[in-house]
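The structure under discussion appears below in the form of structure tokens.
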Amino acid sequence: MSRRADASQCGGVVVEFESENSRDLRAKEARSIPGSALIYLKGPKFLIYVSGALSMWGDRMWHFAISVFLIELYGHNLLLTAVFGLVVAGSVLLLGALIGDWVDRNPRIKVAHASLFIQNTSVTVCSIVLMLVFSYKQRIEQIWDGWLTVVCYTVVIVLADVANLASTALTIAIQRDWIVVITGYNRGHLAGMNATMRRIDQVTNILAPLAVGQVMTLASNVVGCGFILGWNLVSLIVEFFFLSRVYRIVPELSVKPPTVEDDQVYLQRTRRTERQGEGNAAQPQPPTEDNCNSTMHLKEISNFPQCFRRFRWLVSTCKDGWKAYYRQPVFLAGMGLAFLYTTVLGFDCITTGYAYTQGISGSLLSVLMGVSAITGLMGTVMFTRLRKTYGLVNTGIISSCLHLGCLLLCVCSVFAPGSPMDLNLLMPYFTANSSSEPGGMGMQRQKHIYPLSGGNNQPLLPDRSSIHWTNNTVLFDNVPSGTAPESYISIILLFLGVITARIGLWSFDLTVTQLLQETICESERGVVNGVQSSMNYLMDLLHFIMVISAPQPEHFGILVIISVLFITTGHIMYFFYAHKAKRKHCLNT
439 MSRRADASQC
449 GGVVVEFESE
459 NSRDLRAKEA
469 RSIPGSALIY
479 LKGPKFLIYV
489 SGALSMWGDR
499 MWHFAISVFL
509 IELYGHNLLL
519 TAVFGLVVAG
529 SVLLLGALIG
539 DWVDRNPRIK
549 VAHASLFIQN
559 TSVTVCSIVL
569 MLVFSYKQRI
579 EQIWDGWLTV
589 VCYTVVIVLA
599 DVANLASTAL
609 TIAIQRDWIV
619 VITGYNRGHL
629 AGMNATMRRI
639 DQVTNILAPL
649 AVGQVMTLAS
659 NVVGCGFILG
669 WNLVSLIVEF
679 FFLSRVYRIV
689 PELSVKPPTV
699 EDDQVYLQRT
709 RRTERQGEGN
719 AAQPQPPTED
729 NCNSTMHLKE
739 ISNFPQCFRR
749 FRWLVSTCKD
759 GWKAYYRQPV
769 FLAGMGLAFL
779 YTTVLGFDCI
789 TTGYAYTQGI
799 SGSLLSVLMG
809 VSAITGLMGT
819 VMFTRLRKTY
829 GLVNTGIISS
839 CLHLGCLLLC
849 VCSVFAPGSP
859 MDLNLLMPYF
869 TANSSSEPGG
879 MGMQRQKHIY
889 PLSGGNNQPL
899 LPDRSSIHWT
909 NNTVLFDNVP
919 SGTAPESYIS
929 IILLFLGVIT
939 ARIGLWSFDL
949 TVTQLLQETI
959 CESERGVVNG
969 VQSSMNYLMD
979 LLHFIMVISA
989 PQPEHFGILV
999 IISVLFITTG
1009 HIMYFFYAHK
1019 AKRKHCLNT
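Every position in the sequence shown, counted from 1, becomes a number in the numbering used here once 438 is added.
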């Protein structure tokens, strides 16, 4: 009789005795759970996530803080902020291909360490300069008749631009190259890792501006600069160690194929050597006019200064990079993504400045930014599920339709009650003539055009000296009463469209990103992504030019319509790519 039966007959408690094998198996499983977690924590994916989180956190803090600092330094309007945007976009536009070529030509660990060091060092030095400017602003303005202030502005913008270039190189290296190698070129794992990196980016987009904003609000701008300075120093050490660890764990990262140009140079040298060998065996040929001309041409090139030859090489590298980008089968998809950057429909300093003029407080804007980040997270989740169900190309089509559908709300906001748009501002000649009409009609129209100002030259934002930051709420002292719009329907529709559109936006962005990762060969991955960054910043440059050309709140509705037209054009380009990709797939099958 079994022990269970004996226990039941005696009315006792049933006790099951486990064998030694079952106990060992359970103990092994219990040890394997923390062991597998420890292995994951030491694995390359987790280290990349942590390193990326630190880098993104620092970038988000810096981007938020530099916008506030520039407005604080030049508080009359958004001119300095727009100039900074132009410099950043122009530099990446010109140097994007060179940055990508540098990523392709050098070892992966060297690129990562150099980019990381330059980025964090530039932000650290720039923070020190800003601390000095904020601490001794009145004294600096009195030196050289105020020209020292201009020098400080220039130094700040240049250092911030160098930091952005280094950040671009680091992003290309890690998020466009390292991740592909770490996942072993597995499409499912690559999609999951891309989505996770984007989720980290969205979470840092919520928390990082809140953290540095609270420091600046509760303390001062000087303390905020010091906080960013300390963060970058700590982040530099941690990221340096983690990336080195990943490079040692994944041996495939140390193997890098030669670039296409290196292969061509090698073949040319081999053929030249073979021809020289054949020429030595044959009889020497008498010199001809063509040979003399080619020899003289080579001598002229060799006599050029080193700087000129270097400049020719840089121009040639840029030209080859753009040609390589154009040859890619995903050219239209990449162009479509770039067109999405010509927009004012995002949570940047331009939209923030417009929201302030419409009576939206800083605290409410912080909440809206958090909600938009949540919808961005929803877009990353939607991307992974749609890719598994419908495939990568169809995911882009669905995301495009969703993005465009949500942006229709922004178009409706332009004509909704409470919108400050006035088309009379586009016709200064007729506006000037109407000011001389009898009965004071010109003065009435002028008041309607500038409802938030007391004069024609009132900037988009009031003087920052009249702004108090209290718990992220902006209070204007010198703004006349009655600045709130007649209706909030327009601003509600605008932000509702912007927030919901981010679901389709980030899903589409992840789709094109993975298409670039899967399609581009490894030897051209850096230069093509560098040109893609240049295209993105080129379209972003148009966005800043639009804002500079039309800086008043009454122009914002026109900028919204132009932005939607650019976004629609970008999605149409992707539709053409999807049609070609499906047609090619059908022909191959």
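Where is the CB? At the ideal position from N, CA and C, for every residue including glycine. Note that the coordinates shown come from a computational prediction; the quantities given were computed from them, not determined experimentally.
Residue environment analysis places ASN974 among the buried positions, since at least 16 neighbouring C-beta atoms fall within 10 angstroms of its C-beta. Three or more Cβ pairs closer than 8 Å define a contact, and the segment 621–631 meets that threshold against the segment 943–960.
Under the three-state reduction of DSSP, SER799 is assigned to coil, being neither helix nor strand. Ranked by Cα distance from ASN643, the options LYS1018, PHE982, LYS1020, LEU806 are led by LEU806. Per the C-alpha coordinates, the member of TRP760, ASN670, ILE581, LEU691 positioned closest to TYR623 is LEU691. Here the segment 774–781 makes contact with the segment 1004–1011; the two share three or more CB pairs at distances below 8 Å. The Cβ-Cβ distance between THR789 and ALA535 does not fall below 9 Å.
Contact annotation: GLU956 and PRO695 have beta-carbon atoms that are not nearer than 9 Å. PRO991 and ILE595 have their alpha carbons spaced roughly 26 Å apart.
Annotation for MET977: the continuous alpha helix (DSSP H) segment containing it runs 963–987. Of the candidates LEU568, ILE958, SER553, GLN557, ILE958 places its Cα closest to the Cα of PRO767. Look at the beta carbons and you see the segment 805–819 touching the segment 931–951: at least three pairs across the two are nearer than 8 Å.
In the pairwise beta carbon analysis, the segment 976–991 is classified as not touching the segment 830–845: fewer than three pairs are separated by under 8 Å. With fewer than 16 other beta carbons inside 10 angstroms of its own, THR592 counts as exposed. In the three-state scheme derived from DSSP, where H, G and I count as helix and E and B as strand, THR949 is classed as helix. In chain order, SER553, ILE556, GLN557 place their CB closer than 6 Å to the CB of ALA604, counting only its own chain and leaving out the 5 sequence neighbours on each side. Per the Cβ contact rule, the segment 826–841 is not in contact with the segment 963–973 (fewer than 3 Cβ pairs under 8 Å).
Every alpha helix (DSSP H) stretch that sits fully inside the segment 795–861 and reaches 4 residues is listed by chain position as 800–828, 830–853.
For ALA491, the enclosing alpha helix (DSSP H) begins and ends at 482–511. Counting along the chain, the unbroken alpha helix (DSSP H) around VAL521 starts and ends at 517–543.
GLY968 sits away from SER925, with the two beta carbons spaced by 9 Å or more. Within the same chain, Cβ atoms closer than 7 Å to the Cβ of ALA611 are found at VAL541, ARG546, VAL549, ALA550, SER553, the five residues on either side in sequence being excluded.
Assigned with DSSP and collapsed to three states, ASN1026 falls in helix. With fewer than 16 neighbouring CB atoms inside 10 Å of its own CB, ALA657 falls in the exposed class. In this structure, VAL521 is the residue among ILE620, VAL521, THR833 with its C-alpha nearest to the C-alpha of SER505. With fewer than 16 other Cβ atoms inside 10 Å of its own Cβ, TYR478 counts as exposed. DSSP places HIS551 in the uninterrupted alpha helix (DSSP H) bounded by 546–573.
Setting aside the 5 residues that flank it on each side, ASP599 is surrounded in the same chain by VAL525, VAL526, SER529, each with a C-beta closer than 7 Å to its C-beta; the list follows chain order. By the Cβ rule, the segment 570–586 does not count as touching the segment 488–506, because fewer than three pairs are nearer than 8 Å.
The C-alpha of CYS745 is placed about 46 Å away from the C-alpha of ILE996. The residue from MET569, MET859, LEU531 with its alpha-carbon nearest to that of MET654 is MET569.
Annotated three-state conformation of ILE620 is helix, per DSSP. Sequence-distant partners of LEU508 (beyond 5 residues in either direction) whose C-beta falls short of 7 Å from its own C-beta, in its chain, are LEU518, THR519, PHE522.
In the displayed model, GLN990 falls within coil according to three-state DSSP, outside both helix and strand.
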